[in-house]
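Colleague: One structure, pasted below without further comment.
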Amino acid sequence: MDFELTHEQRMFQRIVRDFCDAELKPYAAEVDETGKLRTEAIRKMADLGLLGLAIPEEYGGTGMDMLGTALALEEVGRTCGSTALSVAAHNGLGCAPIANWGTKEQKEKYFPRLLSGEGLGALALTEPNAGSDLAGGVQTTAVKEGDSWIIDGNKAWITNAGIAPVMTVLLRTNREAGTGGFSMMLVESGTEGLNIHAPEKKMGLKGSPTHMLSFDNVRVPLDNLLGAEGAGFRQTMATLDSGRIGIGAISIGLAQGAFEEALKYAQLRRAFGKPISEHQAIQWMIADAATEIEASRLMVFKAAWMKDQDKDYTKMAAMAKLMASEMAEKVARNAIQIHGSYGYSREFPVERIYRDQRLMTIGEGTSEIQRMVIARRVLKDAEALLPTPG
Ligand SMILES: Cc1cc2nc3c(=O)[nH]c(=O)nc-3n(C[C@H](O)[C@H](O)[C@H](O)COP(=O)(O)OP(=O)(O)OC[C@H]3O[C@@H](n4cnc5c(N)ncnc54)[C@H](O)[C@@H]3O)c2cc1C
């Protein structure tokens, strides 16, 4: 077992960290205040290869493995939560399904647009009445008519929808076929009948655009089917498994960012004649944060490594996401505590990080859903330990 990153991984991590410190960190408060991503930084991320992490090199992407992707997302999360969520959704939700199941023609058509930095990719699964229970709740349909699919319904909470040149959409194509009745389709943003509503007014991650979509008799060519008809639910679960490692990595970044702010503040702020970092209560918060960030990072790395080794990583990804997202809330909470009143002020980054991290236990499967995924697998494995009857 080797816990060291390779030379190349450390170099990549350093390049992304330097970029994020220069191009994201100084602007993170502005992104939060204005509710807009910094387009200049997104374009520079395209030059750095950070928009092609999930796109194979033959199509101009970086073809990065999951561990490298996690390293990059942690660094982006450490400096700007909004940018991290949008870039993670672009790579893991917008580009990855096209890379995994797209035809050569679909890849050649859409990857150049997705790599340019002019927009970011999106995946539309959630609906006003369907989040955790996609199989039971998705109502948006696609019906074949001549050489087209006709799409009707609504999607909700879609990251990057307002800036995506093309979106992958989960649709019900056969009401009788259970989970085999879903398909994924590519829908271009300007398509007639597609209405992208005003951005949601959110608690945090304000620079990352989130929109509701309505589809009113939207016509797309039959060729816009992504992968096989009926494979949509399976494709969704596979995409979320991998996306959960990304959310885990962003959670670590957010926690690390809050922790670094708290460490700095604790050494400068004095109370009772000494820096507050010399008070034991503060040291315990520091020790817990250092330990829990490290434990979560190891879990995210392990989940990423398992994916890269083609192992079954569903349980590990759920564990890593659960652990890292719940850890981030605690670390961000204590970072505010260490700052006292100043932590409650918009003048200090920990206030923003606290709001930003809150999504991490909700998006790409809530903590409750992660626990269900984990428990189901643990109990299944435990069945093998039961004594055989007779
Ligand atoms: C900022 C933001 C960005 C997002 N981006 C996207 C995106 O790009 N694409 C996309 O498709 N979606 C996106 N989402 C939606 C997100 O994935 C869903 O909100 C999430 O999956 C939860 O669904 P829900 O909100 O409908 O909650 P619900 O499913 O209604 O759940 C409500 C509560 O009930 C609990 N619950 C549900 N079922 C069970 C159960 N069986 N046992 C125990 N508890 C249960 C949940 O854990 C939760 O606490 C985004 C959401 C936000 C806020």
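Mapping to my numbering: the sequence shown position 40 is 28, numbers consecutive.
Note that the Cβ used here is the ideal one computed from N, Cα and C, for glycine as well.
1) Does the distance from the CB of residue 326 to the CB of residue 259 come in under 8 Å?
2) Which of the three DSSP states, helix, strand or coil, is assigned to residue 78?
3) Quick check: the stretch 264 to 283 against the stretch 337 to 351, are at least 3 beta-carbon pairs closer than 8 Å?
4) Is the beta carbon of residue 107 less than 8 Å from the beta carbon of residue 83?
5) Short check: CB of residue 240 to CB of residue 281, under 8 Å?
6) Rounded to whole angstroms, how far is the Cβ of residue 42 from the Cβ of residue 90, which I believe are closer than 8 Å?
7) Return yes when the C-beta of residue 314 is under 7 Å from any heavy atom of ligand 1, and no when it is not.
8) Can you give the Cα-Cα distance for residue 352 and residue 34, rounded to whole angstroms?
9) Quick one: what's got a C-beta closer than 7 Å to residue 424's C-beta in the same chain, skipping five residues either side?
10) Counting only runs that start and end within the stretch 149 to 182, where is the beta strand (DSSP E) found for 3 or more residues in a row?
11) Are the beta-carbon atoms of residue 58 and residue 289 separated by less than 8 Å?
12) Jot down the residue ranges of each uninterrupted alpha helix (DSSP H) in the stretch 45 to 115, minimum 4 residues, whole runs only, in chain order.
13) Roughly how many whole angstroms lie between the Cα atoms of residue 173 and residue 159?
14) Assuming residue 203 is part of the beta strand (DSSP E), what are its boundary residues?
15) Do you know how far the Cα of residue 167 is from the Cα of residue 222?
16) If contacts are defined as beta-carbon pairs under 8 Å, then residue 298 and residue 53 qualify, I think. What distance do you get, rounded to the angstrom?
17) Should the stretch 341 to 355 be regarded as contacting the stretch 305 to 325, the criterion being three or more beta carbon pairs within less than 8 Å?
18) To the nearest angstrom, report how far apart residue 101 and residue 47 are at their CA atoms.
19) Hey, would you say the C-beta of residue 145 is under 7 Å away from at least one heavy atom of ligand 1?
20) Given a threshold of 16 other Cβ atoms within 10 Å of its Cβ, counted over all protein chains shown, does residue 344 qualify as buried or as exposed?
21) Check residue 322 in the structure and name its three-state DSSP category.
22) Roughly how many angstroms lie between the CA atoms of residue 130 and residue 278, to the nearest whole one?
Modeller: Quick answer:
1) no
2) helix
3) no
4) no
5) yes
6) Rounded, the Cβ-Cβ distance is 11 Å, inconsistent with contact.
7) no
8) 24 Å
9) Nothing about residue 424 can be read from this structure; the chain reaches only from -11 to 378.
10) 154 to 160 and 170 to 176
11) yes
12) 54 to 67, 69 to 76, 84 to 89 and 92 to 103
13) 7 Å
14) 198 to 209
15) 8 Å
16) Not confirmed; about 11 Å, so no contact.
17) yes
18) 11 Å
19) yes
20) buried
21) helix
22) 49 Å
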